[in-house]
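Notes for the one structure printed next.
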Amino acid sequence: MKSAISYLAAQFCLLFTLGCLSPGGLAQVARTEVIPVPTVTMSDQEFLAGVEGGRPATIAGELRLPKAGADRLPLVILLHGSGGIGSSVTDWEQDLLGMGVATFVLDSFSARGITSTINDQTQLPRLAQMEDAFRALAILSRHPRIDPTRIMLVGFSRGGQNALYASLKRFHRLHASPGTEFAAYVAFYPDCS
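Counting along the sequence shown from 1, when you hit position 165 you're at 164 in numbering that gives the first Met the number 0, and nothing is skipped either side.
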């Protein structure tokens with residue numbers, strides 16, 4: 000009897016796992032593109048003052064298109080927190096792709112030689128991800144599959160702080176490329192200090 004129950008439990012676990020990992024369980028992606036984003040790293044004081052320049056860096060992000068075709072899609076740019084790209088970002092990415100929304104996960108750390116700022120926030124100025132987001136917006140608004148009027152910025156923790164502050168017209172005026180604008184902003188658990 001115990002072996003029959005164990006067998007049934009194992010079968011249930013197998014079927015559940017296969018169901019979760021089947022093509023219907025994860026969002027389908029028709030195309031993935033790694034897109035470089037030339038940016039600059041400046042101090043928070045330089046950013047706040049609208050100083051041009053800074054230390055050049057080329058970061059990158061992964062653009063995922065949920066379906067093939069030629070139609071222009073809405074896009075969500077996702078900014079990670081102090082721990083880098085983790086499940087808080089990738090879980091939302093899967094949900095958005097499942098709804099037919101393109102995603103762009105922007106990695107502000109790797110190209111700068113950073114894996115995490117959890118224990119040392121001084122490795123990257125607090126507002127650097129906002130400059131990165133404005134630079135990504137300028138590039139992605141020209142992408143043939145992206146609707147430039149439906150690009151949204153979503154950030155988590157440290158990235159949430161940058162998404163929140165990016166909504167201020169002052170920073171848009173100082174740092175965004177002319178003719179580009181985010182359609183919406185969402186900040187998950189931002190540091191508002």
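Just so it is clear, CB atoms sit at the ideal spot from N, CA and C, and this is done for glycine as well.
- Considering only 154, 161, 178, 184, the residue with the shortest C-alpha distance to residue 87 is 154.
- Counting only the Cα atoms, residue 105 lies some 12 Å from residue 92.
- In the displayed model, residue 182 falls within coil according to three-state DSSP, outside both helix and strand.
- With fewer than 16 other Cβ atoms inside 10 Å of its own Cβ, residue 148 counts as exposed.
- Three or more Cβ pairs closer than 8 Å define a contact, and the stretch 31 to 40 meets that threshold against the stretch 55 to 70.
- One alpha carbon belongs to residue 52, the other to residue 41, and they sit about 7 Å apart.
- Residue 95 and residue 134 have their alpha carbons spaced roughly 22 Å apart.
- In terms of CA proximity to residue 76, 138 leads the group 168, 138, 143.
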